[in-house]
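Peer 1: Residue numbers (our numbering): 4 to 256. I'd like to ask some things about the structure below.
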Ligand SMILES: Nc1ncnc2c1ncn2[C@@H]1O[C@H](COP(=O)(O)OP(=O)(O)O)[C@@H](O)[C@H]1O
Ligand SMILES: [Mg+2]
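Here you go:
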């Protein structure tokens, strides 16, 4: 064995000891259509296990469509979307979800005629390690108080907490969260920030679509700015200050 081989082996061992985080979501050249409408045009995106990233952009940029494309909920999609190393581009939505995906849609999807707890128990399991009701109520004490209230009686904030809590029960470990702070009072937004931090500490991987950059910038490891169905800027957490002007320009804030 020559020196180069020896060095390569030593480096491999060092890297193995460091346990680099594994890839949870790897997207390459994702294109997606609703009918004739070509809404995503070559998205690339990388999320490692345990990371939190955001999709930022103006209304109509393609952020929700990116989440829906990951879930297989668009008309047609091409390219590559790997979830924890498994290629999903040819899979139907129910099989993709079972790889451990949880989706919190913008419209929240709380059933008005069911109680809070019935809503909480509604979604099918997609993984083994879902949180118990007890753990969930520990994280969202308000929901425990409101357990038997019908969905219609919940405030916007309570509905959002419920929509989040519901996917934690399913065992999902990759959470796709669409504009969870939209229309909510500052105190609720703050609470959601705490929830995101706690989920990160528990090892969840998260993709946040956000309009509220002040909320997102303290939570995310990296930001992807989307415009016309393309990623136009990738900004690491430690670059946010330096690129603030560019961000303001892109987001129109
Ligand atoms: N169901 C749909 N059918 C056709 N076009 C859609 C549909 N949903 C969204 N679009 C279009 O796709 C583009 C991206 O929308 P969307 O992903 O919802 O943007 P964002 O979430 O960033 O505001 C927009 O031009 C929007 O009009
Ligand atoms: Mg949207």
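From the three backbone atoms N, C-alpha and C, an ideal C-beta is built for every residue, glycine too.
Taking all protein chains shown into account, decide if residue 173 is buried (16 or more other Cβ within 10 angstroms of its Cβ) or exposed.
Peer 2: The residue in question, residue 173, is buried, as its Cβ has 16 or more Cβ neighbours within 10 Å.
Peer 1: Would you mind stating whether residue 107 and residue 222 have Cβ atoms separated by less than 7 Å?
Peer 2: No, these two residues do not count as a Cβ contact at 7 Å.
Peer 1: Here's the rule: buried if 16 or more other CB atoms are within 10 angstroms of the residue's CB, otherwise exposed. What is residue 68?
Peer 2: Answer is buried; the Cβ neighbour count reaches 16.
Peer 1: Could you pull out every unbroken beta strand (DSSP E) segment of at least 3 residues lying fully inside the segment 116 to 202, listed in chain order?
Peer 2: Within the segment 116 to 202, the complete beta strand (DSSP E) runs of at least 3 residues are 177 to 181.
Peer 1: Would the segment 181 to 191 and the segment 152 to 163 be scored as touching if the rule is three or more Cβ pairs under 8 Å?
Peer 2: The segment 181 to 191, when compared against the segment 152 to 163, does touch it at the 8 Å Cβ threshold.
Peer 1: In chain order, which continuous runs of the beta strand (DSSP E) of length 3 or greater are located wholly inside the segment 19 to 95?
Peer 2: Here the runs fully enclosed are 26 to 37, 40 to 51, 55 to 59 and 79 to 86.
Peer 1: Please classify residue 256 as buried or exposed, where buried requires at least 16 neighbouring CB atoms within 10 angstroms.
Peer 2: Label assigned to residue 256: exposed.
Peer 1: Can you tell me whether residue 132 is buried or exposed, with buried defined as 16 or more other CB within 10 angstroms of its CB?
Peer 2: Residue 132 should be labelled exposed.
Peer 1: CB of residue 57 to nearest heavy atom of ligand 3: below 6 Å?
Peer 2: The model on display carries ligand 1 and ligand 2 but not ligand 3.
Peer 1: Kindly list the residues whose CB is nearer than 8 Å to the CB of residue 99, restricted to its own chain and excluding five residues on each side of it in sequence; keep chain order.
Peer 2: Excluding sequence neighbours, residue 99 sits near 73, 74, 75, 86 and 91.
Peer 1: State the DSSP-derived secondary structure class of residue 254, mapped to helix, strand or coil.
Peer 2: Reduced to three states, the DSSP call for residue 254 is helix.
Peer 1: So the candidates are 229, 237 and 246; which of them puts its Cα closest to the Cα of residue 62?
Peer 2: Of the listed residues, the one whose Cα sits closest to residue 62 is 229.
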